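**Student:**
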Amino acid sequence: MKNWFTNNSGELPPFVHNRRLRRIMIFISLIVIYGIVISFLYNIVASLILIVISVVGLIFTIVMMNEISSDTNRYITDLSYRIHRGEQESLLEMPIGVMILNDSEIVEWANPYMIKYFKDENLLGRKMADIDPDLQKLITKYAASNEFHTITWRDHKFTMLVQKEYNSIYLMDITRYANLEERYNDEQISVGQIFLDNYDEITQSMTDQEISNLSNYVTNELATWSQKYGMFLKQIDDDHFFLLAYSKSLTAIENDKFNILDTVRETTSKQNFPLTLSIGIAYGEDDLNSLADQAQSNLDLALGRGGDQVVVKSLDGTARFYGGKTNPMEKRTRVRARMISQALNELMSASDQVFVQGHTRPDMDSLGACLGIRRIAQMNNKKCWIVLDKEKVHSDIQRLLEATKKYPEIADSIITPSEAMSKVTDSSMLIMVDHSKPSISMSEELYKRMSSKVVIIDHHRRGEEFPENPMLVYIEPYASSTCELITEMFEYQPHEEEPINRIEATAMLTGIFIDTQRFSMRTGTRTFDAASYLRSAGADSDEMQQFMKENIDSYLQRNHLISKVEFFHKDMALIVGEEDQVYDPVTAAQACDSLLTMSGVDASFIITKRADGLVGVSARSTGTINVQVIMEQMGGGGHLSSGATQVSDKSVADVKKMLLETIKNIDDNE
1 MKNWFTNNSG ELPPFVHNRR LRRIMIFISL IVIYGIVISF LYNIVASLIL
51 IVISVVGLIF TIVMMNEISS DTNRYITDLS YRIHRGEQES LLEMPIGVMI
101 LNDSEIVEWA NPYMIKYFKD ENLLGRKMAD IDPDLQKLIT KYAASNEFHT
151 ITWRDHKFTM LVQKEYNSIY LMDITRYANL EERYNDEQIS VGQIFLDNYD
201 EITQSMTDQE ISNLSNYVTN ELATWSQKYG MFLKQIDDDH FFLLAYSKSL
251 TAIENDKFNI LDTVRETTSK QNFPLTLSIG IAYGEDDLNS LADQAQSNLD
301 LALGRGGDQV VVKSLDGTAR FYGGKTNPME KRTRVRARMI SQALNELMSA
351 SDQVFVQGHT RPDMDSLGAC LGIRRIAQMN NKKCWIVLDK EKVHSDIQRL
401 LEATKKYPEI ADSIITPSEA MSKVTDSSML IMVDHSKPSI SMSEELYKRM
451 SSKVVIIDHH RRGEEFPENP MLVYIEPYAS STCELITEMF EYQPHEEEPI
501 NRIEATAMLT GIFIDTQRFS MRTGTRTFDA ASYLRSAGAD SDEMQQFMKE
551 NIDSYLQRNH LISKVEFFHK DMALIVGEED QVYDPVTAAQ ACDSLLTMSG
601 VDASFIITKR ADGLVGVSAR STGTINVQVI MEQMGGGGHL SSGATQVSDK
651 SVADVKKMLL ETIKNIDDNE
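Residues in the sequence shown are numbered from 1 upward in steps of one, following UniProt numbering.
#1: Quick one: what does DSSP say E566 is sitting in, helix, strand or coil?
#2: Residues in the same chain with beta-carbon distance under 6 Å from A653, minus the five sequence neighbours each way, listed in chain order, please.
#3: What's the call for G230, buried or exposed, on a 16-neighbour Cβ count within 10 Å?
#4: Tell me where the alpha helix (DSSP H) around K664 begins and ends.
#5: Using 8 Å for Cβ pairs, my map puts S47 next to S39. What's the rounded Cβ distance?
#6: Between R265 and T276, how many whole angstroms is the CB-CB distance? I'm expecting something under 8 Å.
#7: Pull up the DSSP beta-bridge partners for G637, would you.
#8: What does a CB cutoff of less than 8 Å around V617 pick up in its chain, not counting 5 residues either side in sequence?
#9: Near L303, what residues of its chain come up, given a Cβ to Cβ distance below 6 Å and the 5 sequence neighbours on each side ignored?
#10: Quick check: the region 514-529 against the region 398-418, are at least 3 beta-carbon pairs closer than 8 Å?
#11: What is the DSSP secondary structure of H560, reduced to helix, strand or coil?
#12: Just tell me which of F568, S532, H569 and A507 has its CA closest to the CA of F547.
#13: What residue from R462, A350 and V387 has the CA that sits closest to R361's CA?
#14: Quick check on this structure: which residue in N43, Y42, I49 and M65 has the alpha carbon closest to the alpha carbon of I28?
#15: In angstroms with no decimal places, state the Cα-to-Cα distance between K2 and I59.
#16: My guess is that V287 and G358 are in contact by the Cβ rule of under 8 Å, so how many angstroms apart are they, rounded?
#17: In this structure, does DSSP put K2 in helix, strand or coil?
#18: What residue ranges within the region 336-424 form continuous alpha helix (DSSP H) runs of no fewer than 4 residues, ordered along the chain?
#19: Just to confirm the assignment: which complete beta strand (DSSP E) runs, minimum length 3, are found wholly within the region 129-204?
#20: My output table needs one value for E221: the three-state DSSP class, helix, strand or coil.
#21: Contact between the region 256-263 and the region 239-247 is defined here as three or more beta-carbon pairs at a separation below 8 Å; is this criterion met?
#22: Tell me which residues share the same chain as Y474 and place their Cβ nearer than 6 Å to its Cβ, disregarding the 5 neighbours each side in the sequence.
#23: Which residues in the same chain have their Cβ closer than 6 Å to the Cβ of S314, if we skip the five residues on either side of it in sequence?
#24: Anyone know if the C-beta pair for T140 and T150 falls short of 8 Å?
#25: Would you mind working out which of I174, Y34 and C384 sits nearest A420, comparing C-alpha positions?
#26: I'd like to check one pair, S436 with F466: are the Cβ atoms closer than 8 Å?
#27: Suppose contacts are defined by Cβ-Cβ distances below 8 Å. Is V107 in contact with M128 by that definition?
#28: Go to S621, then tell me how far its beta strand (DSSP E) extends in each direction, as first and last residue.
As structure tokens, this is what we get:
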């Protein structure tokens, strides 16, 4: 009996050490004792028999519990041994490099997989910095991270983990998978559209032989360029090409800044037939139909910005712009103006009323364009509302609004954004003039309400932010002003109604006059045609001068700002206002314009604090420097020769530093 409860060494049986088995044994014993006691009360013979059976049962139960406990212990011991052996084998044989350092960064241990990258040299007892300085730098760099990082070391790609608390470094070689990923990314398809901006205009005056020579040159140049970078090029029309490329090729031509633009432009200019290219390229999608649509959209964006440039953009990514160094060439025709005018008339006829709005802080071109649209709507027997926040206008706009009080039908049609929201219906139409960015509209809320029925008329280069599905778009970056574009539409309106009146003609001519810097910049033959029409319609030059007059405070502020001019970076001038002084944006822009009249100044910038707490930046150029690109890099936009942006949560000094860094980065990349 003693052997059942002890082993050879005199210790208790295994099951006694198992708390669960021990409790089961106690429970069974208590039940047996209770049963024997009860049986003695009724029948002694039965009790004796029960005692014998119970003793045999207890002996069997103890034996079985010992076996169960012994088997369990053997299994656990075996499993622990195998796990321990597996851990040792893993450290030595698994394809992960492991290295342990001490607090002095001396190697204490490294597994064989790690040692092979050191060509089996002796590592133990040596400082990591002496063995491999590059790896030491990586270890130091990621020591505080405690996360996995992808690194490149000794021409291999690794996933590296540094556990600082244990002084352990783990490296997994992922070179093969990294190469596969790189190859996959390099072989992603990109789709492009190439358009010859002014092919039709240039070839109109050329002979057949000259046209053939020009076409052959452009085709050969594009074919050579595409073959150089391993791309597929197919000519679709005389002025249209289709491009297929791998992402690797796209990266290469982006690094080369699309020099094909300069090559074609400069060569054709020397032959007195200046031809420019616009390219839209899409990438990042597996669906070729989506890529083709995005490529066309990118091409439209490039053309909307004036052409002679490239737009590279994925479906949901940010657009990258290249080129755009030249002023867009005038290619508008009366046919296009007539087609746009007729399309606008049809859209007005299908609407119950028309709303027109310019941008925030409106200038004369913006409000003059609104007045022109109101007149066109009236000539088409449609009610038109001009949306304007009268509390946020400059002195010239205030004088114009004061002058409109003599024309009750005009004054009554000027309403606030909240009034517009109460009048709009599902059948109404919204016309955005002098801008195409909804975020700078006079009422962005009104745009969102009418986003499915929007018409855009603008002369600024189109930016990345743009209404999703406008009904009609008339963007002509080469035009001097939006007023010029709208003036041309009057010729194609019904003549039964009252024509443009004196105040409308004066406002629109003032808009053209200011936007062209008194007809000194961005003017073409159509600009003077429009000005002549407005003058004949009754535009009053004396009233124009009244609108453009400055008050004494603005005059003094402008001269004060000009006195703070400083020159930098070749032929650029910069004015930086005081941190604690607020300047009117129009006054600041006028000071920036004035700098261009100085000898040797090709571009001017001004940075001032605005009343809304933002820091405003205005930029002007004679055309030799593309200030639009600079302003776009800072979150704004504009023309090649005129741009602006507003920066939040930064001081005037910070914005100055940002501007200088942006100009430097653009120069370094050219």
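Every residue gets a Cβ at the ideal spot worked out from N, C-alpha and C, and that includes glycine.
None of the values given here were measured: they were computed from a predicted structure.
**Tutor:** According to the structure data:
#1: strand
#2: none
#3: exposed
#4: V652 to N669
#5: 4 Å
#6: 5 Å
#7: A644
#8: F605, I606, I607, M631, M634, G636, A644, T645, Q646, V647, V655 and L659
#9: S278
#10: no
#11: helix
#12: A507
#13: V387
#14: M65
#15: Residue confidence for K2 is low, a pLDDT of 45 falling below 50, so the modelled location carries little weight and cannot support an answer.
#16: It is worth fixing the name first, because residue 287 is Asp in this sequence and not Val. So it is not a contact: roughly 38 Å between Cβ atoms.
#17: Residue confidence is low: K2 scores 45 on pLDDT, short of 50, so the model does not pin down where it sits. Its coordinate-derived value is still stated next. Of the three classes helix, strand and coil, the one that applies to K2 here is helix, per DSSP.
#18: 364-379, 395-404, 408-411 and 417-423
#19: 149-153, 156-163, 168-173 and 189-196
#20: helix
#21: no
#22: I340 and I457
#23: Y283 and G284
#24: no
#25: C384
#26: yes
#27: yes
#28: V615 to S621
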